[in-house]
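Data first, discussion second: the structure below is written as structure tokens.
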Amino acid sequence: MAADSALIALEDHIAILTMLVQRMVDECGDPTGFDAKDWLYHWLVGVVPALGDRRPLDVLKEPGGLEVVRSLLMRVQSGAFS
75 MAADSALIAL EDHIAILTML VQRMVDECGD PTGFDAKDWL YHWLVGVVPA
125 LGDRRPLDVL KEPGGLEVVR SLLMRVQSGA FS
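For the sequence shown, the numbering used here assigns the number 75 to the initial residue and increments by one for each residue that follows.
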């Protein structure tokens, strides 16, 4: 049961982040042909230096992980890592 609820929570987090990424592209780029879900899935499994060389997917599984990953995406959009 706990594993099922953890999977549901992870799926919910991914859905929230997918909407965030789509909104970011709609606001700041050309959304033509962009697949937010596909991009997010690829990004989630890559190592991210700003997360201490961890994968965003692993961070999402931790308490408070959604906010950490969401905040990182927002900082990327704002140019904090330029």
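Idealized CB from N, CA, C, for every residue including glycine.
All values derive from a computational prediction rather than experimental measurement.
Beta bridge counterpart(s) of Val122 as assigned by DSSP: Residue numbering aside, residue 122 sits at position 48 when the sequence shown is read from its first letter. Answer by DSSP bridge pairing, in chain order: Arg128.
Residue span of the alpha helix (DSSP H) that contains Glu136, given as start and end: On the sequence shown, residue 136 is found 62 positions in, with the first residue counted as 1. Taken as a continuous stretch (DSSP letters only), Glu136 belongs to no alpha helix (DSSP H), as it is neither H nor E.
When Pro123, Glu85, Thr92 are compared against Arg144, the one with the closest alpha-carbon: Position 70 of the sequence shown, counted from the start, is the residue given in the question as residue 144. Check the Cα spacing between Arg144 and each of Pro123, Glu85, Thr92: the tightest is with Thr92.
Residues near Lys111 in its chain [Cβ-Cβ closer than 7 Å; skip 5 each side]: Within the sequence shown, the letter at position 37 stands for residue 111. Correct list, in chain order: Thr92.
Alpha-carbon spacing of Asp127 relative to Val121, whole angstroms: Counting from one through the sequence shown, the residue named residue 127 turns up at place 53. Counting from one through the sequence shown, the residue named residue 121 turns up at place 47. Going by C-alpha positions, Asp127 is about 5 Å away from Val121.
Other residues of its chain near Leu147: CB distance less than 8 Å, five sequence neighbours each side excluded: Taking the sequence shown and counting its residues from 1, one reaches residue 147 at position 73. Cβ neighbours of Leu147 beyond the five flanking positions: Leu91, Leu94, Val95, Met98.
Val119 to Leu134 span [Cα, whole Å]: Against the sequence shown, residue 119 aligns to sequence position 45. Against the sequence shown, residue 134 aligns to sequence position 60. Note on geometry: alpha-carbon atoms of Val119 and Leu134 lie some 11 Å from one another.
Length of the line joining the Cα atoms of Arg149 and Pro123: By one-based count along the sequence shown, residue 149 stands at place 75. By one-based count along the sequence shown, residue 123 stands at place 49. Using only the alpha carbons, I get a separation of about 14 Å.
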